[in-house]
């Protein structure tokens, strides 16, 4: 599938910002199933200096410095991305079992497994816990294929949690999400990652976009799409597989990946330091995902 | 002649004898109780010297350390933030043969850690091939993912490497841990050496000690060579004057000839790093970093850090500035690597290291954890990530409760702890209570990268435990340090063959001081002058009150008024009080002294911030001021009854010495100019206030004359006046001397003229226009007003007041304080407060 994505982030400050330095993760990366064909980032007011690099996790990180005083910052990223289905998941029933996967994660000497352990350990925003483990323990029977169990967990979260856009800020602690049983896509992704880690598996956070289709017969509204988040789990010997607990599915062609990391902290869309600006700037994000073919 | 107390030789009580303890491993005495040969010359000489003379040298050493401003700040002790560096004068002696072995081991270790650093932020082959378990790296907070892939020019990424060495029970030197973040101590070693060579010149000369200079020369050469530019500007980056090792930062910057900069002095613009200076921004090519890497860039590293520079990492990645040690190098301090070092060495070098490390258990491994939990009382437990509230715990001293709580913490987060056996360090002779006693010793070594390999400082920083059995030896726990003498077996080659072509610093450097430094110099001048004016008027008041001639009540009140105006303290003279009682009142309730000491403390703070620019003579005077200030309250209350002004003299003298020194020994650069502008502004302002409060009221002729005398006395002009006029003191003639006379350095005219010259010489933004800038216009206005005054008109009485004089003085005082604001706005950096765009309080792991 070929998409054009426009992602606009706007900050309106209460007082003048004299200078700022920012880092953005707003450009889709290349993955095994996706190729970013072209991309450009526009910053208003004009940036005095910009640079682009590939970060530790292989994501595109865009840096810019604004030297003009401003009260409004708009950063727009426009990209064309070709996506495919995930590589054929092994017949779910034939894949590595939970027992073997657990075993491999803790004692395999294979380089990919050793490196994947980075995504099994605690990360800045996520800590493994007994409670999280117990939440899903029963789904991960020794003999169940890992990917089947992960899909079951995805469904369990989808069914037991309510999608509720106003309910959380990004800083919602997992414990709270677990108790209130509501949240947004970031919370569900975080939750499932932390559960998988508590169970002894490696999982990473994936940020990106999801193409939404208008109801039949209606025009698609501009800006109706949103940034989205899901996760990928590592099956030893088989690779990484993406799951979307918000939509109760594995990621498919409509899932466009921007960046991945251990959790949200590693892929924050826009962060940095500003001089001045007052408190509580108003943030507005708009995303358009247009299918080109 | 080599003998020790264990041999019953009945020593002379005047001898300084080493009493070693046969039960302890000793550096100076072998198992048979014999002095080791390389110690004998030193110990024999000390024995002859005797305790009394040794004590004297010790005091001399303390004085030198104090004069050099050598301090070490202990964080937990905020009431007295600076401690004079704690030094024991008996050096730690190491024979050259043994040193050769240690040095070879250190060189090899530095090379290995360099390879380790490159691998961890490069291909991570050690993880892929299973040499280091992934958790050992990925769970450590010192692993900064943002620093992945950073490379330095040249063969080495690890520029400075330090190792804490201890002699194990088998007599072998062992590494206890590595420092690779921004190793501290090299500067203190240099200061220790400086003190030793001055206090024991002949002993030092005759002992053929290896010199340290070559090490620092290589450090300078290496740092210069890292620059992408041919005429590099190198700066030492410090967290600031409150850091525990700030002295060392300033000392090294001075010794190496680099700028000392803090966060606020630096800024990133257009992909380069710049230092803010008076004449704008100057590019910085190399930073010798003394700020922990995690704090260096609030955009990508710790978001709430105030010690770093926003976007520094991007400049580093682009290769436009080189930071040494590189950002991220703190990971090398992870003690878990000690556990895997033999494997790491085999991987890179094909063999194990010559210099062994202390046995280390990592609780992230099940087997090690079980061992640690079982043997807690024999081990030292260390957190893998060092910080202030996370210290090593000494197993043998844990109570049952503490042990339980530690075990629980280990079990909850096993990857975060390592344990090492309790080391019985070897002992060295140390001067304690008049005799030489054995104290446990650890040595911190320093290696610096050169073109092709490393150079190790001969010796290093020796630290000793406070007691015979101390196990915690760190400056934070108050340990003492020593000079380290590596004894040359053959005469040393002179170091001048090291003279490589070092780039000469740019001419522009002479003016490009960080503007923070200049601002501090400006305020140092102002505060010094303000304190001096307060002291002088106070002294004058006392002299007049206690003078032989009785002075009238109204004069007394006027004097009191002047004191309270100049010291900016409210006077509450009531009707029942005499002026003298009121004066005593504001002194006894401390408000005047608080005002004076407040100004002096502010001045001392500014001095600390500009430490690297002050000569050691200046620093000595600063110390005198600090001492006199500490004594002020005591000596003053003790002497209120008789000649209280005497108690103020030491401070006035010290302040005069300070201003004399800055006049005589400071280069006439912008630093000096701003300090002098601060002085002139403040002095001019104070003269205007003094005239206004003493001469404006119209009084009887004799009272008037007394007050004129007070004015002249407080401005040090009475003697000149008498010589010039030989008459009773009159208004017009007094005003002439303190206001108009351009040859009197304490006249208003003199201050204003000097100010005009300074302002004319300041750097200007180039412009086509011919109009004067605001500060030039202001000083011209002030000067003109002064020059056009007519003394007759000014002294004319207008009822009870000389209102014309009063108005003019107020106007001048206002003009001067306005000028100070203009200068501050124009030349000093007033950056808006920064904030994070998105608040992230997450600690990285």
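Protein chains in written order, with our numbering: chain A, 26 to 318; chain B, 28 to 872.
We treat Cβ as the ideally placed atom computed from N, Cα and C, and that holds for glycine.
Next item on the list: Run down chain A in chain order and give the residues with a C-beta less than 8 Å from the C-beta of residue 165 of chain B.
Entry: 142, 143, 146
Next item on the list: Decide yes or no for the touch test of the stretch 731–743 of chain B against the stretch 802–817 of chain B: beta carbon pairs closer than 8 Å, at least 3 of them.
Entry: no
Next item on the list: Give the DSSP-derived three-state secondary structure of residue 62 of chain A in the structure shown.
Entry: strand
Check: Hey, how far is the Cα of residue 228 of chain B from the Cα of residue 354 of chain B?
Finding: 41 Å
Margin query: Considering only the alpha carbon of each residue, which of B:570, B:453, B:685 lies closest to residue 552 of chain B?
Written below: B:685
Checklist line | Beta-carbon separation (whole angstroms), residue 393 of chain B vs residue 76 of chain A, contact threshold 8 Å | finding: That belief does not hold up - the Cβ atoms of residue 393 of chain B and residue 76 of chain A are roughly 45 Å apart, past 8 Å.
Checklist line | residue 473 of chain B in three-state terms, based on DSSP | finding: strand
Margin query: In the DSSP assignment, the alpha helix (DSSP H) including residue 751 of chain B goes from what residue to what residue?
Written below: 745–752
Margin query: So, with DSSP's three-state summary, where would you put residue 301 of chain B?
Written below: Reduced to three states, the DSSP call for residue 301 of chain B is strand.
Notebook entry, point to check: Once you ignore the five residues that flank residue 329 of chain B on each side, which residues in its own chain have a CB closer than 8 Å to its CB?
Noted result: 321, 322, 335, 871
Next item on the list: Determine the direct distance from the alpha carbon of residue 199 of chain A to that of residue 279 of chain A, and round the result to whole angstroms.
Entry: Residue 279 of chain A and residue 199 of chain A: Cα-Cα distance of roughly 27 Å.
Item checked: Test: residue 864 of chain B CB closer than 8 Å to a CB of chain A -> yes
Note to self: What residue range does the alpha helix (DSSP H) around residue 625 of chain B cover?
What the structure shows: Note, residue 625 of chain B: alpha helix (DSSP H), 618–636.
Note to self: Out of A:227, A:226, A:222, A:187, which one is the CA nearest neighbour of residue 210 of chain A?
What the structure shows: A:187
Check: Roughly how many angstroms separate the alpha carbons of residue 34 of chain A and residue 79 of chain A, rounded to a whole number?
Finding: Taking the straight line joining both Cα atoms gives about 21 Å.
Item checked: Boundaries of the alpha helix (DSSP H) in which residue 219 of chain A is found, first to last residue -> Segment 210–223, the alpha helix (DSSP H) holding residue 219 of chain A.
Checklist line | DSSP-derived helix/strand/coil call for residue 174 of chain A | finding: helix
Check: Less than 8 Å separating the beta-carbons of residue 832 of chain B and residue 817 of chain B?
Finding: no
Notebook entry, point to check: From B:769, B:491, B:764, pick the residue whose C-alpha is nearest to that of residue 194 of chain B; which is it?
Noted result: Selected option, being the one with the closest Cα: B:491.
Check: Is it buried or exposed for residue 796 of chain B, if we count other Cβ within 10 angstroms and need 16 for buried?
Finding: Flag for residue 796 of chain B reads exposed.
Margin query: Output needed for residue 314 of chain A: all residues of its chain with C-beta closer than 6 Å, excluding positions within five of it in sequence on either side, in chain order.
Written below: 28, 30, 234, 236, 250
Item checked: Beta-ladder partner(s) of residue 187 of chain A, from DSSP -> Looking at the DSSP assignment, residue 187 of chain A forms a beta bridge with A:207.
Item checked: Contact list for residue 175 of chain B against chain A, beta-carbon separation under 7 Å -> 81
Check: DSSP beta-bridge partners for residue 88 of chain A?
Finding: A:48, A:76
Item checked: Buried or exposed (CB count within 10 angstroms, at least 16 for buried), residue 106 of chain B -> Caution is warranted here: a pLDDT of 47 is assigned to residue 106 of chain B, below 50, making its placement in the model unreliable, and the coordinate value is therefore given only provisionally. Counting of Cβ neighbours within 10 angstroms places residue 106 of chain B among the exposed residues, the total staying below 16.
Next item on the list: Taking C-beta pairs closer than 8 Å, name the residues in chain A that residue 861 of chain B reaches, listed in chain order.
Entry: 298, 299, 300
Check: Should residue 616 of chain B be flagged as near chain A, meaning a C-beta pair shorter than 8 Å?
Finding: no
Notebook entry, point to check: Quick one: is residue 150 of chain B near chain A, going by C-beta distance under 8 Å?
Noted result: Residue 150 of chain B does not count as touching chain A.
Note to self: Against residue 57 of chain A, what residues of chain B qualify as contacts under a CB-to-CB distance less than 9 Å, listed in chain order?
What the structure shows: The contacting residues do not exist; residue 57 of chain A stays about 20 Å from chain B at best.
Next item on the list: Please determine, among B:259, B:850, B:839, B:219, the residue with the shortest C-alpha to C-alpha distance to residue 511 of chain B.
Entry: B:219
Notebook entry, point to check: Can you name the start and end residues of the alpha helix (DSSP H) that residue 130 of chain A belongs to?
Noted result: 123–132
Check: Straight-line CA distance for residue 525 of chain B to residue 72 of chain B?
Finding: Because the pLDDT at residue 525 of chain B is just 48, under 50, the model does not fix this residue reliably, and the point stays unresolved.
Check: Using DSSP with H/G/I as helix, E/B as strand and the rest coil, what is residue 411 of chain B?
Finding: coil
Next item on the list: Could you say if the stretch 142–158 of chain B and the stretch 294–312 of chain B meet the contact criterion of at least three C-beta pairs nearer than 8 Å?
Entry: no
Note to self: Could you check whether residue 301 of chain A and residue 859 of chain B sit closer than 8 Å to each other, using their CB atoms as the reference points?
What the structure shows: yes
Checklist line | Nearest to residue 545 of chain B (by Cα), restricted to the options B:829, B:345, B:306 | finding: B:306
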